[in-house]
Every structure is written in structure tokens, then in C-alpha cells.
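Peer 1: One structure, as C-alpha cells, below. Some questions next.
Residue numbers (our numbering): 374 to 1540.
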């Protein structure tokens, strides 16, 4: 029970840093009773919002303020108790909950929360009584029956346990925790058959995401565990403020022209689009018009400040006579400058930013060919490899038989027009490859636009494509292989034109808004979080056809609104603005903001951006054969705002695909950065976020496309904040520390070769090696309280499956050094364990790199070197070599290299991206210079250091041609060496041979092993890259890392799991450690002239959250020794009685992966 409570406390503490923010903003005290009641209800609801963000201190202050303002606000009093429980202020929480029950004995929230409190203080009788009261008040709540069963389990009343869990499953057959609890109950009752059956059912439910286990985090323990909102509160959306949109096209210098006549074909009818971009990086958004510019075609306007623009089309080497249709902007080559793509009939142009104010057509060099009728463009990193790909929506042809002036813009396949979209994959080397067919993105119907969005929150960007005549096409990203087509719309929309993505209801799931070439004109679909979209009622528009659409918070109130353009039956163009009223739906405020006065003819695109940097979001509208219209927002900055400028580091520099969450004043807003918006265009690359009355954003959270989480806290309002993606290492092998007499010293990382599910080639995964020995030098290790003390921890965001640990004392003559026979081999056979004993090794006689530079001085000085060219793929370089002079010719006998170095690890995503560019990993291979002067390869895979600095053994005995004196080691991996010795010591020789390798091994008993949360030690990025050091005692309770969802080993004693290599793992994750104590008292005395070193053995596996790691977001499936590669579809983890008992006894800690927490560092010295 100690471990359960410790976990509960840890979850509260892990987010406690969030509670350091200032108290909730207070308004002047209301004058009358009604106003006091309304304000108290508002404060109570603000507190519930803070609870949802795990800001428990702020929530408590809001609840206290509400209760003080209106003593009859009983909900606020109850919520105080819930907040205090989550802050572990148990005595205060208990008293408030008892007072609440005395006042209202039928309040299920109070009884339920009291039950949780008693359960977590091991008062099982009181807890059972509390939960039984809830079952009497609401007998249909499955979570209550589950917790009642859990309390009976604490009391070992197994008959009642089984009855309670069965009742929970009767109410909810997909209650995952009840299934797991029932399995444990049967196991503890001795019925292993039933235990196995229900565990299998639990695994089916969780693996298929049919249900989530109850966790210890707030909000995930049932409906009655959550703070209640007050129905008496005023609407969350603040009152409207005066805002007007004013035409400023001419004053701003946006010169465009009308072209007389009507469109005669689709190519001239559908456009033009427009893009806001910042092509010169000066922080002011510029304008690209695809057509109808001052010279009749394409136009680029440079923002010179003060709300003014300058036509720089010709100066930028752009052709002003081109009649383009759509555009998109993004940094495709990651050189820090925004590039352009424009679509035309018969071609697509890729225009590279030359960083001198001009653009260069590199379409041919990039390999892009696109005949037919190209319409929409979007940049999207669909494969999450760090560079943006290009998706083109298009028609196979432009059929002149299609009348563009039809009332309904519909095109039937039988009319001979079909879709032929293209996905151009960025190869990372300046070229693109057409992968349309292999990823299944051609589409069978004419398409108009597309946007990349992660609609299902699985961290893989999906595609939503609009077109004719059917409903929008949603392509779901399966990470590898073709994207799947789904039909998620409960009420289908048809003939869609433009698409905007927004989280209008603040639930964290992106919703979809469309314009339609039909009577509805505009439609909005709410993402229900369960894979479907539900139609939302919007104000009626009298349109026959909708065109552009955009999400916009025009009044900066923190609730995103909708704006769109379309055509009426009488041929007029209109722009309509719908204000988001939260639970009250949307209101048409077009006339309120003056947009009803804007006269349009054949409007097309509408894009949003703050062109004058005043904190308001402005509008630009294009017209078919007509001039563009620029509308300035006046008044939106009466509410507070925040402008975000994001730049990727290891991700694409444009930050396209990044998810942004902004927490302020109790609300959470969610955004995504897109490579296109609305219809044929793109909004500003800078994101303006409305904050309402809040003076700051409490948290700005970014989830970058490759999975990097980044929190910025207490961000002041009414200014621009530029954020570059943090240089965060997402994964690190578990890291070993040893007590050196004063503190825990870093030894090394471990189990790098035990990574599972690592992408190594199309359809291929690595074969893990679950064994590694590291040397612990005798000068480092010291006793602590009579024990040899180690800490094995996960400092980043991998899940670790630790199977066995051993500590070996390696005794040997003092004039010898010893090393484990270790290196990272790419494939089996893996190095067998043996002790390498070395006597009088010597450095090379000469050493040169691939440039011919003499690097022997570096080796002699133990100084890292590596003058090789890095490639844009993590861990890859251009091929580089190290030539060594062995000092004397080889004529047989023992010969090995003792090489000390480290590697900047490649990642699965890096390997995937390199493969796209035709580059495969080349493990270090060895060539020998033979007697004829020819280099002959003698070893294909010499191996390399498996992570942080360590000594690896390269065995050359019997592998070199006779007479060899020079060898050459080559690789394209980012490996650095700082010390190499040549060793010729005989191993396992008879004792009468001089300098034999006699050693003695003694296993030191593992006395204790305790799993617990430690936090995130400070990282020090040393040189060269990859040489990371950690300060164990300087630790942060939070960090920029998340966790895989699934079932982990409960905290506490785990020694029984670590004594045998048997697939019974200690499963732990981000920020957790196993504290290991070994008892050396039984070690034999050392012979005269001998000394003692230590080898630490770890058996196990680890899995990271890389985009291309197989099932990287979940703990399951568990690996096992006989599996081969991971995952293992034709095999299964053993479920014999021994392993079943292990799973049910130890792996009882459920983590959803969705627990709100802080993702920043806040270091403090550990006492």
C-alpha cells in the first residue's frame, strides 16, 4: 500500500510546479446578491478549469474566493475538498468533505471523493462505506463499483471483490480496470484459468483502445472524482467588444486589377488564391497574390511597416504575367528562408528563396513534374522526418464541357474528369519523389484543397481533402505504408470547397469547418474524440456556393470564430463572420463588425494575419477576375493577445505540423501550424492567440512534429514571443549511476542494443540484444552504508523493460586492465561475454583521418576528434575513415583494438529519412593494406560504442593478412574516438605463459531493489555531440517528456524480478529509477599484487517514442527473449502461471499517457 500512495503523491508533486503561478485574477466585489452569486459561480467554474489543467493551487484559490463571496455556493465548498485531496492536504480535505455530506447526504461527489481519500490512507472499511453510499445514490456508475471492488481487494475480501468487479462489467462491459481487477481477484483466489481469461480480455480492450484503465491522475478516476461546474455561472465567453473591419487595400498599397469578362473554363474560374508569408524574415507578413496583381498576374508585396506594402514582384525575380491558381509557403530545404510553391494549369513551380530578396525556379532540379490541372497546394510533413513534403490536389484534365457558371459546381466522373492528386516526398537533399501510389493519396475524385491535421491525436498527421462531388476525404496516417481512407462524418457533407481546422469547443480535438458548393454554404463538424465528426448547427446563409473559409479569433476573447466568403443566388459575393459563443453555439455578427458593407464579386480565398502587428487578426480576400480586398481589424486588441513565432530545430524550420496549446485564465486553446489554410491559400505563419482578460498565458505548450514537447510558462500578453524548438534529446537509454563516496556519479547508459521496434529499412525492424556489460572502475565505486549503491534510471521518455541486474567483482593482477567484451553489433551474432585482460597495450604508431590529418596527437591526449561532414539525418555523416599504423607487421597471434569513444546515436526517424535519400547506415568496417598495396576488407562490422563514452573491443586476431601493419576503419555513423590502444595479450592462456589473462569473477548479491520516481537530472551537453553528462542530485520533478500509455510495474520492492533472466520485467518510464544495493561482504580477499574492478550487467530492453518506433506510444506488447524481432505478430508473450502471476502482482500501475503535467525543467538540489 505504501507504493500505491507514493505513486499518488508523486503524480500530485509532478505537476506541483504548475501551481506556482499567481492566484486567479480577481474582479471588484459585486454590489448585490445576484451579482455575487453569478461571480461566485464564475470563480467556481474557473477553478474547475484549473483542476483540468492540474493547477491545483490556483484552483483552490478560485474555489476559496467563490465560497467567500457566496457562502451558499456549496459546490465551491465541495470542490475545495477535491482540490485539497489532490494537493495531499488530507486532513483539511476530509473535514470539508464530511461537512459537505452533513449538509447534503445525497451528494455522490462528496462520498466518492471521501472514498478515494480513505482508500489512499488504507482505511478500507471507511472507504467501502463511502463507495457503498455512492452505489445507493447512483447504482449505475461502473467506476464506483470498480473502486468498491478495489477497496475489498485491499481488505482481501475476494468474494466481494469478484462480485463488485462483475457488477462494474455488467454496467460497462469495456471497463478495462474492472477486467484487470477481476483477473487479479481470480489469481489471488487460485483460479488461474479465469485469471488468464480476464487478463486476455483486459489486454484486448486496451490494445484496441476500447477502454482506458483508471489511473491515479486527477480526472481519470471517474466522473464523481472531478470538480463540479456551477450551472448558475454566466457564459464562459466574455461579452462582445466593439470591433470593425475596415477596407484599407489602397492605403496599404495592395495594387491589383480587375480582368473583364467571365471565366470560360475551370482553370480560370476556380482561382485565385493568396498567401500571407514572411519571405525576408523581418517579422512582418508579406502578401503573395496568385493572380490579378498590378501587372495582371502573380504579385508579391513586401511589408515595409506602418501598414504599407511595396510591389516587389519583378525585384524578387518572379514573373508577373503568370496566372497562378493557388500557393503555399514553407522552408522546404530547411535553410531558414521561406520558399514558395504556386500551382498553374499544366505545372507546379517550386521557387527557392535565395536569401537576397529573390526566388529561383528549382522545379526541374527538384524533380517535380505536374501536368494536368493543378489546384490546391499544401506543405505537410506526412512522414514526420523533419522536412516538409508537398501535396498537390488536381484534376486529370480541364474539360471544356464543364460549365463553370452552373449553380452547383459539381463534376461527375462520367463527365470524364477524375482526380489525380500527387504527394511529393521531400528526400531531404533538395529533391522530391512522387510517392502518390505507394502512400495511397491519389484520390479518385476531383480535389480542390487539402490540410494536414492530427484529427485523432495519435501524433501522426492526417490529411483532409476537399473536392467534388462526394464528402471530404480523410486519410488517416498509419505511420508507415499507405494512408488509410476513412469516412468519419456522421452526417456527410458533399461538394466541399474550402476547409478550416479549429478546436472551437476547447476539448483538445480538432474540429473541421467546410465551405460547400451547395445550398448550406458553410458546415461545421465537431470531433467527438471517438473517431467521428458530428454536424454542428450554424447560422443560415443564403448561398449557392461557398469558397474560402478561415478560423479567426477576431475579438481575441479566447474562443475561435469562423469567417467565410461565398456567393448568393443573385450573384453577389458575401463575407460572413460567425462569433463563437461557446455552449450557446455561433452567432452571425457580420453586420456588427461592418462586413456586410463589403461589396464583393466572385470571392474566392480568404486568409488571416496581423499585417500591421497591432495584435489583431486582419483579413485578405481575393476575387475571381477582380482585385484583392484587405480588411483591417480595428478594436480586436481591446482584449489581450499573444503572437507566437515558431521555428523548428530538428523538425522542419517552418514548424508546420506543430501542435500548440495555450492555457490562460482557466481555458485551454489548441492550434496547429498548417501548410495551407481555407481555400487556395495560407494564413500568416505567425499565430495570434486571443487571451481575453488574462494578462498572461500560464503555459504555452508545443508538441513538435517529431514528438518533442516544450513548455514555456508565464508568458506576458500583448507582445510577440519567438520560440525555437528546444534541442531536446527525446530518447536516452537507461542511465547507470554509482555512489563514489560523495554523490552518485554517472557510469554510462545501458541497453542501447536492446532497443525494440527500431526501423532499419522498409518493412524491417532490428533484432535486439538484451544484454550489456559495462565496466565500473575501482577508483569510482565506494561503499554507502556498507553497500555498493547504484541507480539505474530513465532520464528521458523511453519505456524500460529491465529483466535482470548483476554486479561482478573482477579480480586481476594489478599490472593488467580488464574490459568486458562489448560493442554494438548491427546484427547477430552478438559478442559473447568474456573478460578481456590487457597487459601493456600501446597506442598506434600513426593515425590519420579521411582528410590525411594526423590525429595521433589527439589519441595520445585522449582528445575527441571528428572532422567529418554531418548529414541532415540524425547520427549520419558522409563516409569517414580512420587509418591506423599498428606499429609492427601482424604475423598471427592475439591482436585487438581497445577503442574508447562514443556515438551520437542515429534514430529510427533519421534512418527513415536517410533511406529516402538513398543512404543506408554503414557500420564501421575494417580494411587491411596487404603486401601488394591493396586495401582488402577483413571485417564487415567491427561494432561501435553503444552510447555514451566507453571502451569497445575490436577483435582482429586471425583476421588480417600476414604482414599487415596498416588498417583503415570506415563508417558513415557519427562516431567519435579519443583513445585507441593496440593489445596483443593472450587470453585464457596457461598459467606458465608470461602475462597471461588470469582473472577471477565473483557475483555480488543484490540485497535490495526499489522502483520509484526520481525526476529529471540536469543534462550537460559536453563535446563532442552525444557526450551527455548528468548531475544526479540536481533534479527537476518535471521535464519536456511524456510517457507511453500502458501498465507499468508498481513502485516499491522489485528485487524478486531482477535476479533471473526470465522475461519478468521491471517496467518503468520517464523520470523513474531502480535503486540497487549490492552487499559486498562475502567477497574473497584479494591475492597479493591483485586489484579489483567491477562489471555491471543489465538484461532487458527499451523502447522509445520515435515516430518510426514500432508501437512506440504504448508499453505493450511486452518483449521476450524468444520473440526475434519486435513486434511479433506470429508469437505471444508467455502466459504460463509464473508469468501470469508476475503480471497481476507487479504490473498494476496504469498510465493513460494523457495525464496533464508540466513539460519544463525546474531544477533543485536533492537533499
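Idealized CB from N, CA, C, for every residue including glycine.
1. Exposed or buried, which one is residue 393 when buried takes at least 16 other CB atoms within 10 Å?
2. When the distance is taken between beta carbons, is residue 899 closer than 8 Å to residue 878?
3. From residue 1269 to residue 830, what distance separates their C-alpha atoms?
4. How close, in whole Å, do the beta carbons of residue 895 and residue 885 come, if the pair is a contact with beta carbons under 8 Å?
5. Given residue 1210, which residues of its chain have a CB within under 7 Å of its CB, disregarding the five upstream and five downstream residues?
6. Do three or more CB pairs link the segment 1115-1127 to the segment 1086-1101 at distances below 8 Å?
7. Just the C-alpha distance for residue 767 and residue 719, rounded to the nearest angstrom, thanks.
8. Taking contact to mean 3 or more Cβ pairs, one atom from each stretch, closer than 8 Å, check whether the segment 615-622 and the segment 658-677 are in contact.
9. Could you spell out the range, first to last residue, of the beta strand (DSSP E) harbouring residue 822?
10. Distance check for residue 847 and residue 499, CA to CA, integer angstroms please.
11. Which same chain residues, not among the five before or five after residue 701, have their C-beta less than 7 Å away from its C-beta?
12. Which residue marks the beginning of the alpha helix (DSSP H) containing residue 1351, and which one marks its end?
13. Which two residues bound the contiguous beta strand (DSSP E) that contains residue 767?
14. Figure out for me which residue from 921, 860, 852 has the closest Cα to the Cα of residue 845.
15. Hey, how far is the Cα of residue 801 from the Cα of residue 1286?
16. Would you tell me roughly how many angstroms separate the C-alpha atoms of residue 582 and residue 1418, rounded to the nearest one?
17. Considering only residues of the same chain and omitting the five flanking positions on each side of residue 1257, which have a CB-CB separation below 6 Å?
18. Under the three-state reduction of DSSP, which class applies to residue 802: helix, strand or coil?
19. Indicate the three-state DSSP secondary structure (helix, strand or coil) for residue 1573 in the structure shown.
20. Check this for me: beta carbons of residue 1175 and residue 1161, under 8 Å apart or not?
21. Does DSSP put residue 771 in a helix, in a strand, or in coil?
22. Quick check on DSSP: helix, strand or coil for residue 1009?
23. Tell me which residues share the same chain as residue 852 and place their Cβ nearer than 6 Å to its Cβ, disregarding the 5 neighbours each side in the sequence.
24. Considering Cα atoms alone, identify which of 465, 1317, 412 is closest to residue 1295.
25. What residue ranges within the segment 855-936 form continuous beta strand (DSSP E) runs of no fewer than 3 residues, ordered along the chain?
26. Going by C-alpha distance, which of 1404, 1337, 1445, 492 is nearest residue 1384?
27. Could you check how far apart the C-beta atoms of residue 1517 and residue 541 are, in whole angstroms? I think they sit under 8 Å.
28. What runs of the beta strand (DSSP E), each 3 residues or longer, lie entirely inside the segment 1268-1350?
29. Cα-Cα, which of 476, 504, 478 is closest to residue 486?
30. Taking its Cβ as the centre, do 16 or more other Cβ atoms sit within 10 Å of residue 506, making it buried, or is it exposed?
31. Residue 473 and residue 464 look like a contact to me (Cβ under 8 Å); what is the Cβ gap, rounded to whole Å?
32. In chain order, which continuous runs of the alpha helix (DSSP H) of length 4 or greater are located wholly inside the segment 610-638?
33. Which value, in whole angstroms, describes the spacing of the CA atoms of residue 1336 and residue 1324?
34. Have a look at 930, 876, 931 and flag the residue whose alpha-carbon is nearest the alpha-carbon of residue 909.
35. Measuring alpha carbon to alpha carbon, tell me which of 799, 1442, 857, 544 ends up nearest residue 1387.
36. Return the chain-ordered list of same chain residues with a C-beta closer than 6 Å to the C-beta of residue 610, the five sequence neighbours on each side being excluded.
Peer 2: This is what the structure holds:
1. Legend: pLDDT at residue 393 = 33, less than 50; position of this residue unreliable, value from coordinates given subsequently. With fewer than 16 other Cβ atoms within 10 Å, it is exposed.
2. Yes. Within cutoff.
3. 51 Å
4. Contact flag wrong, Cβ pair sits at about 12 Å.
5. 1185, 1189, 1191, 1358, 1360, 1370, 1372
6. no
7. 10 Å
8. As far as the Cβ criterion goes, the segment 615-622 does not touch the segment 658-677, which means the pair count is below three.
9. It spans 820-826 - the beta strand (DSSP E) in which residue 822 sits, taken as one unbroken run.
10. 51 Å
11. 648, 714, 750, 751, 752, 1048, 1049, 1055
12. It is not in any alpha helix (DSSP H) - residue 1351 instead sits in the beta strand (DSSP E) that spans 1348-1356.
13. 762-768
14. 860
15. Those two C-alpha atoms are separated by around 7 Å.
16. 11 Å
17. Excluding sequence neighbours, residue 1257 sits near 1217, 1220, 1340.
18. Looking at residue 802 - three-state DSSP - the assignment turns out to be coil, as it is neither helix nor strand.
19. In the structure displayed, the chain extends from 374 to 1540; residue 1573 sits before or after that span and is not available.
20. no
21. Because residue 771 sits at a pLDDT of 46, beneath the cut-off of 50, its placement in the model cannot be relied upon, and the point is left open.
22. The three-state secondary structure of residue 1009, taken from DSSP, is helix.
23. Around residue 852: 833.
24. 1317
25. 857-859, 869-875, 884-889, 895-900, 906-909, 916-925
26. 1445
27. In fact, because the Cβ distance is near 18 Å, the residues do not count as touching under 8 Å.
28. 1269-1276, 1298-1302, 1308-1312, 1323-1328, 1337-1346
29. 504
30. buried
31. Not a contact, Cβ separation roughly 15 Å.
32. Complete alpha helix (DSSP H) runs here, min 4: 622-625.
33. 27 Å
34. 876
35. 1442
36. Hits under 6 Å: 932, 954, 955.
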